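One structure below.
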Amino acid sequence: MLPNFMKFRDLSGGLLLVLIFAIVLESCKDDAPDPVVPVVVNFQSKSVSVNESKVDGEVVTLALQGPATRDQNVKVSISDHTTSYGDDYVTEPVAVGGMITLHVAKGATNASFKIVPKVNSAFDGDKDVTFFLTGTDSVSVVGNAESRATIVDDDLVFFLPMLASIADNSHFSNQILEGSGSFVPGTTGKPATAYHLNGYSDRIIVKNASALDKIEKITLAAWVKPESFYGNGNNGILEKPYQTHSGPTYQYKLGLTGDEYPNTTATFNFALSLNLQYKVVVSPATWVTGQWYFVVATYDGAAMSLYVNGELSISQPATGVINQFGQNLVIGETYNISSYTPGNFGEMRIYNRALSAAEIKDLYQR
């Protein structure tokens, strides 16, 4: 057989061998997969911020070093710090199992996703979340591998948690000018979670600021455990007063009457200056000594309402502009007549919008 094979090769095999070799090479070329060329990616910025009220969200951009050579996915993991995905914010595309999958089309030079705050979420100040890029066989991370996002709580303009210090924990960090009192157990019984004011000299004063003064709609919220006293008829829990103790008397005020005061005894009160007119609502609900109360006042441009322990106590129609007087915020005193309010004062909040009944209930139940 060998001589026949050699004979065949001598006559025409040269061309045949070349053709077979070429076909085999072409076949191998068609069947071989394209080599994986990793996409080189990083976060365009190390940090980003988005206001809670920005309902259309904020874009986070990933930069690619050169166009992508093929269609592929890039995964971004989420690490919540003070946020809760789904409660405080969501992303577009939606994260699954703490992971965002971004499709990168061939030829693309960047990719992006959105952080979308939940509308009217009653935050406790600014919230932070970090997004991470992780390298894989198809993704190479060069540069910023993480980006920290801050969701700015721009409607909570004052937040005093009373946790062993007198400090505003809102985004605005309003300056505390004075805090004369002492820390005591709060609503949970834990030490140093409320502040006791003696009723004759103790008070907290917060420096006036634009965030506290330029308010069109409002929520005032406070935990308070009153002590027995006579008072002046509407003693301050927290207030921003007028220049003098005459009409319209207060820019805004959440107060209470003493349990020894005649006619309107042991009530909670909410007062505003609307178009320079003094407006007040008085709760039918009354307080007794030795108990904690969560008192919330809201004005939405159409009504003034008072809630006690998460339940609506009274609501009355009211309209007008909340006037601005540029005075400091005062806690535990009717400032212009130096009339002090005795008791324990817990967490306090001021929002530049009217919280809903559901949000108030949620705050009460926390």
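The sequence shown begins at 61 in my numbering and counts up one residue at a time. Don't be surprised by glycine CBs; every beta carbon is placed ideally from N, CA and C. These figures come from a predicted structure and were not determined experimentally.
Query	Result
Element boundaries [beta strand (DSSP E), containing alanine 378]	Premise fails: alanine 378 is in no beta strand (DSSP E) and is neither H nor E.
At least three beta-carbon pairs within less than 8 Å, the stretch 242 to 253 to the stretch 397 to 414	yes
Nonlocal neighbours in the same chain, by C-beta distance under 7 Å from glutamate 287, ignoring five residues either side	Gly259, Thr349, Pro402 and Gly403
Boundaries of the alpha helix (DSSP H) in which aspartate 422 is found, first to last residue	417 to 425
The stretch 233 to 240 in contact with the stretch 200 to 212 per 3-pair CB rule at 8 Å	no
Backbone secondary structure at serine 225 - three-state DSSP	coil
Any chain C beta carbon closer than 7 Å to tyrosine 149	This model lacks chain C altogether, as it is built from one protein chain only.
Residues sharing a beta bridge with glutamine 132, DSSP	Val164
Proline 301 and tyrosine 395 closer than 7 Å at C-beta	yes
Inter-residue Cα distance where the pair is leucine 193 and glutamate 152	17 Å
Sufficient close CB pairs (3 or more, under 8 Å) joining the stretch 372 to 382 to the stretch 238 to 248	no
Straight-line Cα distance separating leucine 298 from isoleucine 275	15 Å
Alanine 271 - containing beta strand (DSSP E), residue span	Careful: alanine 271 lies outside any beta strand (DSSP E), inside the alpha helix (DSSP H) at 270 to 273.
Option nearest tyrosine 145 by Cα separation, candidates Thr190, Val342, Gln425 and Glu371	Thr190
Which of helix, strand or coil DSSP assigns to glycine 157	coil
Any beta strand (DSSP E) of 3 or more consecutive residues that is wholly inside the stretch 289 to 328	295 to 301 and 310 to 316
C-alpha gap between valine 212 and serine 107, whole angstroms	13 Å
DSSP three-state assignment for tyrosine 260, whether helix, strand or coil	coil
Given valine 110 as reference, the closest of Val176, Ala271, Thr325 and Thr169 once Cα atoms are compared	Val176
Cβ neighbour criterion (16 or more within 10 Å) applied to aspartate 116	exposed
Beta-carbon separation (whole angstroms), glycine 392 vs aspartate 262, contact threshold 8 Å	6 Å
Minimum length 4: unbroken alpha helix (DSSP H) runs contained in the stretch 198 to 257	none
Limits of the unbroken beta strand (DSSP E) element including arginine 409	403 to 411
Where asparagine 170 falls: helix, strand or coil (DSSP)	strand
Beta-ladder partner(s) of tyrosine 149, from DSSP	Tyr145 and Pro177
Threonine 247 vs lysine 187 beta-carbon contact at 7 Å	no
Straight-line Cα distance separating lysine 114 from histidine 305	39 Å
Residue span of the beta strand (DSSP E) that contains glutamate 118, given as start and end	118 to 124
Glycine 370 versus tyrosine 353 - alpha carbon distance	9 Å
Short Cβ contact (7 Å threshold) for alanine 331 with tyrosine 310	yes
Under the three-state DSSP convention, the category asparagine 102 falls into	strand
7 Å Cβ cutoff met for glycine 293 and threonine 327	no
8 Å contact criterion, which isoleucine 138 and alanine 155 should meet: CB distance rounded	6 Å
Spatial distance of phenylalanine 173 from isoleucine 397 (CA atoms)	55 Å
Neighbour-count burial assignment, leucine 336, 16 or more Cβ in a 10 Å radius	exposed
6 Å CB neighbourhood of lysine 339 in its chain, flanking five on each side removed	Leu332 and Ala378
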